[in-house]
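Asker: Got a structure here, written out as structure tokens. Questions coming.
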Amino acid sequence: MPERAHRGRRWARWLGPFVVVVTAGSLVAACGGSGSNAITLYSGQHPQLTQALVTAFTKQTGIEVRVRTDDGIVLADELLQEGASSPADVYMTENSPELMMLTEHHLLTTLPASILEQVPPAYRSPTGTWVGLALRVSALAYDPSLVPASQLPKSLLDLARPEWKGKVAIAPTDSDFVPLVGAVIATHGTEAARTWLEGLKANAATYQDDESVVAAVDRGQAAVGIVNQYYWYRLRLEQGPS
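Residue numbers (our numbering): 26 to 267.
Structure, rendered in structure tokens:
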């Protein structure tokens with residue numbers, strides 16, 4: 026909407042300090058918002074990352090950031106309800122489906138070229154409404170006492186094979202699992218993804234989230250677990266190397 030696009034330009038020129046690590050794990054979009062010397066951020070990201078970005082941004086620009094935190098999909102639903110009257114200036118989420126939904130409802134404004142040019146085309150919206158902000162990697166955590174490194178699968182698709190039955194931990198209801206499925210579809214096709222998911226359903230124990238998966242591997246309850254890599258690093262920091 027023209028009015029939203031106009032309001033979005035007020036803060037968009039200040040977004041540059043945020044776009045330092047330009048990769049694909051966290052996504053930021055322009056929404057609109059109020060006209061004061063402060064911006065409102067709807068953040069579906071981890072609090073640690075959000076606070077680090079907000080602190081750096083305010084230090085560099087002097088602009089206050091009001092943060093509203095919840096799951097990305099919850100905040101996206103709020104934006105749909107609020108429409109053009111939303112107080113949000115910036116929306117940050119971990120996954121792209123929420124952005125696709127907001128784009129379809131024309132709730133995101135176009136970022137300026139000065140921002141888009143900092144981000145490789147693979148990590149930004151083709152319509153210029155969002156950019157990638159931080160990197161995360163899907164990884165395979167494993168217990169070396171249960172499976173030696175030499176016997177680890179060459180591909181995540183191998184975890185659907187019968188020999189991995191009862192050895193795998195996943196969190197299929199965690200929102201972080203959705204982009205992984207999308208990546209398999211994009212790389213190997215829909216049929217290969219369906220076969221993989223059917224194999225995982227037969228082979229894997231399911232957990233609520235990635236934290237539970239990496240904890241299960243740490244306890245020896247699973248030989249391997251599919252997680253975002255930072256959950257392993259977090260557990261290592263908490264417990265120390267072992």
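Beta carbons: idealized from backbone N, C-alpha and C, even for Gly. Just so it is clear, the structure is predicted and the values come from calculations on it, not from any experiment.
Thinking C-beta only, is S175 closer than 8 Å to G245?
Answerer: Not closer than 8 Å, so no.
Asker: Taking 8 Å as the cut-off, does the segment 118-131 touch the segment 192-211 (at least 3 CB pairs, one atom from each stretch)?
Answerer: In short, these stretches touch, since the Cβ pair count reaches three.
Asker: Would you mind working out which of T75, G191, A247, D235 sits nearest E224, comparing C-alpha positions?
Answerer: Per the sequence shown, residue 224 should be read as Gly rather than Glu. Of the candidates T75, G191, A247, D235, the one whose C-alpha sits nearest the C-alpha of G224 is G191.
Asker: Quick check on DSSP: helix, strand or coil for E142?
Answerer: Correct three-state label for E142: coil.
Asker: Give the DSSP bridge partners of G265, in chain order.
Answerer: Its beta-bridge partners do not exist; DSSP assigns none.
Asker: Count the C-beta pairs between the segment 250-262 and the segment 206-213 that are closer than 8 Å, then say yes if the count reaches three, no if not.
Answerer: At 8 Å Cβ cutoff, the stretches do not touch.
Asker: Is the segment 151-164 close to the segment 231-247, with three or more CB pairs under 8 Å?
Answerer: Result no; under three Cβ-Cβ pairs closer than 8 Å.
Asker: Quick one: residues in its chain with C-beta nearer than 7 Å to the C-beta of N62, no 5 flanking neighbours on either side, listed in chain order?
Answerer: So the qualifying residues of the chain are I88.
Asker: Taking the alpha-carbon positions, what's the I251 to R186 distance?
Answerer: If I take the Cα positions, the gap works out to 15 Å.
Asker: Measure the C-alpha to C-alpha separation of S180 and W221 and round it to an integer number of angstroms.
Answerer: When rounded, the distance between both Cα atoms is 11 Å.
Asker: Taking just the CA atoms, how far does Q264 sit from T152?
Answerer: Between T152 and Q264, the C-alpha separation is close to 44 Å.
Asker: Name the one or two DSSP bridge partners that T83 has.
Answerer: Answer by DSSP bridge pairing: none, since T83 is not bridged.
Asker: Which residue's Cα is closest to the Cα of E236: R93, N228, I195, K226?
Answerer: Taking only the C-alpha atoms, the option nearest E236 is I195.
Asker: Can you check which of these residues, S68, D114, Q73, N228, is closest to D183 by C-alpha distance?
Answerer: Of the candidates S68, D114, Q73, N228, the one whose C-alpha sits nearest the C-alpha of D183 is N228.
Asker: Would you list the residues sitting across from N62 in a DSSP beta bridge?
Answerer: Looking at the DSSP assignment, N62 forms no beta bridge with any residue, so it has no partner.
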